[in-house]
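Novice: Numbering-wise (full-length UniProt numbering), the sequence shown opens with residue 1 and increments by one. We treat Cβ as the ideally placed atom computed from N, Cα and C, and that holds for glycine.
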Amino acid sequence: MAAAMLSTALLAVAVAVVVGVLSFLLLGLPNRPPPSRKLSAAASSSSAAPRSSAPPSKKPGAKQRSLAAEKAHPHRHHHLELNTLKGHGDAVTAIAFTSNGRGLATACADRVIRVFKLDDVSGKSFKFLRINLPSGSSCPTKVAFGQGSSQLVIATEDISGTGLCMYASASGGAASVVKEQGKPTQPEIKWELKNVHDKKGIVSLVGAPASFGSGNGGVILASSSEGTDIKLWLADTGKCVGTVDTNQLKNTMATLSPNGRFLAAAAFTADVKIWEVVHGKDNQVKEVTKVMQLKGHKSAVTWLDFTWDSQRVITASKDGSIRIWNINVRYHMDEDPKCITVLKIPTLDSRGVPVHYDRLAVSPDNQFLAVSHGSTLQWLRLETGEVLDTAENAHDGDVTCLVWAPQPLPSERGKSAVLATASSDKKVKLWFPPTV
Numbered sequence: 001m002a003a004a005m006l007s008t009a010l011l012a013v014a015v016a017v018v019v020g021v022l023s024f025l026l027l028g029l030p031n032r033p034p035p036s037r038k039l040s041a042a043a044s045s046s047s048a049a050p051r052s053s054a055p056p057s058k059k060p061g062a063k064q065r066s067l068a069a070e071k072a073h074p075h076r077h078h079h080l081e082l083n084t085l086k087g088h089g090d091a092v093t094a095i096a097f098t099s100n101g102r103g104l105a106t107a108c109a110d111r112v113i114r115v116f117k118l119d120d121v122s123g124k125s126f127k128f129l130r131i132n133l134p135s136g137s138s139c140p141t142k143v144a145f146g147q148g149s150s151q152l153v154i155a156t157e158d159i160s161g162t163g164l165c166m167y168a169s170a171s172g173g174a175a176s177v178v179k180e181q182g183k184p185t186q187p188e189i190k191w192e193l194k195n196v197h198d199k200k201g202i203v204s205l206v207g208a209p210a211s212f213g214s215g216n217g218g219v220i221l222a223s224s225s226e227g228t229d230i231k232l233w234l235a236d237t238g239k240c241v242g243t244v245d246t247n248q249l250k251n252t253m254a255t256l257s258p259n260g261r262f263l264a265a266a267a268f269t270a271d272v273k274i275w276e277v278v279h280g281k282d283n284q285v286k287e288v289t290k291v292m293q294l295k296g297h298k299s300a301v302t303w304l305d306f307t308w309d310s311q312r313v314i315t316a317s318k319d320g321s322i323r324i325w326n327i328n329v330r331y332h333m334d335e336d337p338k339c340i341t342v343l344k345i346p347t348l349d350s351r352g353v354p355v356h357y358d359r360l361a362v363s364p365d366n367q368f369l370a371v372s373h374g375s376t377l378q379w380l381r382l383e384t385g386e387v388l389d390t391a392e393n394a395h396d397g398d399v400t401c402l403v404w405a406p407q408p409l410p411s412e413r414g415k416s417a418v419l420a421t422a423s424s425d426k427k428v429k430l431w432f433p434p435t436v
């Protein structure tokens with residue numbers, strides 16, 4: 001009797017354990033998708049795929065192009081940084097755009113001139129023409145384009161003095177042979193000048209087409225020495241057509257207005273002198289005459305630039321101010337240029353003193369003013385001086401050049417204004433303008 005009761009009890013316990021296990025398993029099953037359903041869904045999706053028609057292909061929009069560009073350029077350090085032109089073996093001393101912006105020439109302390117082709121400024125790499133200066137020759141310090149993109153004028157310097165030379169595309173039989181062989185045409189030296197400023201270095205070299213008045217459209221070059229003399233040259237022939245003296249102890253830089261009419265210089269003193277390049281009836285340069293003087297700064301002007309309509313001049317000074325001048329006046333009737341805006345330099349150093357802008361450049365739409373001090377790059381609103389964006393340590397060395405492309409260029413954002421900067425860090429960088 002006792003044995004029977006024990007057997008019955010054991011059987012009841014066993015049944016309870018089995019029921020508990022089954023209940024546990026059944027309660028856990030709903031939290032998992034049934035394997036058979038997953039397999040069925042996958043099979044259904046797989047079998048349905050061939051019957052579904054693919055959506056029509058679409059060209060990538062601006063957002064997609066931007067994302068693709070970010071993947072192609074993962075080392076951008078600033079949101080306005082667009083690209084970097086690599087391959088320079090030493091400090092980049094000068095840069096210059098062609099008139100359409102599709103070519104960018106660089107002068108480098110490695111004695112090589114490079115002309116980059118900018119078909120798409122967002123590209124991973126750029127084709128460039130390499131011009132090796134002759135062995136034992138001077139080091140290139142400045143560069144400017146002459147007529148079109150086929151003439152390139154280079155300023156050189158060595159212990160014996162400074163020089164200018166013009167490279168141009170090969171012509172005649174040599175060019176046709178190279179073309180048949182499918183090789184890029186190597187430029188040839190068309191003219192060369194020695195000791196153009198004696199033993200004084202060239203601090204700036206710029207070119208502009210003589211498109212005002214009776215000018216024939218030919219490109220005029222202005223080379224400023226570190227002394228007090230500035231000389232004007234015809235890019236096509238190398239002929240000197242004018243010399244002026246600032247009489248201001250030491251030149252900082254000089255530049256031409258975009259229409260080739262005016263020459264302005266920043267020097268050791270606070271005043272800026274402006275000359276007019278006068279053409280005769282034969283369309284040739286007749287004389288270079290001083291016509292204006294910008295007075296108002298209390299200390300030396302560190303840099304200046306013309307607006308792209310050639311009617312205003314922007315100056316930055318050690319007195320902590322930026323001034324905008326209207327030079328569209330009747331100076332031949334003794335009407336003085338007018339200072340229409342005085343802006344405070346917005347950036348202060350560690351002592352609370354306004355920094356000295358090393359360089360500045362006005363954008364082609366006259367909307368932005370790009371400025372640099374040391375390795376810092378800033379974009380200001382031209383009319384108000386408001387800081388729109390700042391790139392600290394834009395380069396690993398001081399910015400040596402600052403130039404806007406004359407025309408909008410193709411990029412990941414469509415056609416856009418482009419700023420180019422160069423530095424002693426062996427790099428040339430391309431930048432977008434800020435969004436306003």
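1. Report the residue ranges of all beta strand (DSSP E) runs contained in full by the segment 266–306; include only those spanning at least 3 residues, in chain order.
2. How should Val342 be labelled, buried or exposed, when 16 other C-beta atoms within 10 angstroms of its C-beta is the threshold for buried?
3. Work out the CA separation of Ile131 and Cys165 for me, nearest whole Å.
4. Tell me which residue opens and which closes the beta strand (DSSP E) that Glu157 is part of.
5. Exposed or buried, which one is Met333 when buried takes at least 16 other CB atoms within 10 Å?
6. How many angstroms separate the CA atom of Gly350 from the CA atom of Asn195?
7. In the DSSP assignment, find the beta strand (DSSP E) that holds Asn132 and state where it starts and stops.
8. Whole-angstrom Cβ separation of His395 and Asp358, contact assumed at under 8 angstroms?
9. Enumerate in chain order the residues of its own chain whose CB-to-CB distance from Pro346 is below 7 angstroms, with the five nearest sequence positions on each side excluded.
10. Just to confirm the assignment: which complete beta strand (DSSP E) runs, minimum length 3, are found wholly within the segment 339–383?
11. Would you please state the rounded distance, in angstroms, between the beta carbons of Ser363 and Trp404? I believe it to be under 8 angstroms.
12. Should His356 be counted as a contact of the ligand GTP given a C-beta to heavy atom distance under 8 angstroms?
13. Answer yes if the segment 300–311 comes into contact with the segment 231–243, meaning at least three C-beta pairs across the two stretches below 8 angstroms, and no otherwise.
14. Can you list, in chain order, the residues of its chain with a C-beta nearer than 7 angstroms to that of Asp305? Leave out the 5 residues immediately preceding and following it.
15. State the beta-bridge partners of Asp389 as determined by DSSP.
16. Ala210 and Leu263 look like a contact to me (Cβ under 8 angstroms); what is the Cβ gap, rounded to whole Å?
17. Within 10 angstroms of the Cβ of Gln248, are there 16 or more other Cβ atoms? Answer buried if so, exposed if not.
18. Which word fits Thr435, buried or exposed, when buried means at least 16 other C-beta atoms lie within 10 angstroms of its C-beta?
19. Run the CB neighbour count on Pro258, radius 10 Å, all protein chains shown included, and call it buried at 16 or more, exposed below.
20. State buried or exposed for Lys231, treating a residue as buried only when at least 16 other CB atoms are found within 10 Å of its CB.
21. Pull up the distance between the alpha-carbon of Leu430 and that of Arg76, whole angstroms please.
22. Using C-beta distances below 7 angstroms, list every residue in its chain close to Gly173, excluding the 5 sequence neighbours before and after it, in chain order.
23. Excluding five sequence neighbours on each side, which residues of the same chain lie with their C-beta closer than 7 angstroms to the C-beta of Gly260?
24. Report the three-state DSSP secondary structure of His332 (helix, strand or coil).
25. With a cut-off of 8 angstroms on the beta carbons, I'd call Lys344 and Pro354 a contact; round off their distance for me.
26. Under 8 angstroms by Cβ, that's how I've got Gly201 and Thr162 pegged, so tell me the actual separation to the nearest angstrom.
27. Ignoring anything shorter than 3 residues or poking outside the UniProt repeat "WD" (85–119), list the beta strand (DSSP E) runs there in chain order.
28. State the DSSP-derived secondary structure class of His78, mapped to helix, strand or coil.
Specialist: Concretely, from the data shown:
1. 272–279, 285–294 and 301–306
2. exposed
3. Straight across, the Cα-Cα distance linking Cys165 with Ile131 is about 13 angstroms.
4. Residues Gln151 to Asp158.
5. With a 10 Å radius around the Cβ and a threshold of 16 neighbouring Cβ atoms, Met333 comes out exposed.
6. Before going on, a small fix: residue 350 reads as Ser here, not Gly. When rounded, the distance between both Cα atoms is 43 angstroms.
7. Where Asn132 is concerned, the enclosing beta strand (DSSP E) stretches over Phe128 to Asn132.
8. Not a contact, Cβ separation roughly 12 angstroms.
9. The answer, listed in chain order, is Gly385 and Val387.
10. 359–362, 368–373 and 376–381
11. 5 angstroms
12. Annotation note on the ligand GTP: not contained in the displayed structure, which lists no ligands.
13. no
14. The answer, listed in chain order, is Thr255, Ile314, Leu360, Ala361 and Val362.
15. Trp379
16. Contact doesn't hold; Cβ gap of about 12 angstroms is too wide.
17. Gln248 is classed as buried because its beta carbon has at least 16 other beta carbons within 10 Å across all chains shown.
18. exposed
19. buried
20. That one is buried.
21. 11 angstroms
22. Because the pLDDT of Gly173 is 42, which lies under 50, any placement of that residue in the model is unreliable, and the number read from its coordinates should be weighed accordingly. Excluding residues within five positions, none has a Cβ falling inside 7 angstroms.
23. Only Ala208, Pro209, Ala210, Ser211, Phe212, Gly215, Ile220 and Val277 meet the Cβ criterion.
24. helix
25. 7 angstroms
26. 6 angstroms
27. List check, beta strand (DSSP E) in window: 92–97, 103–108 and 112–117.
28. coil
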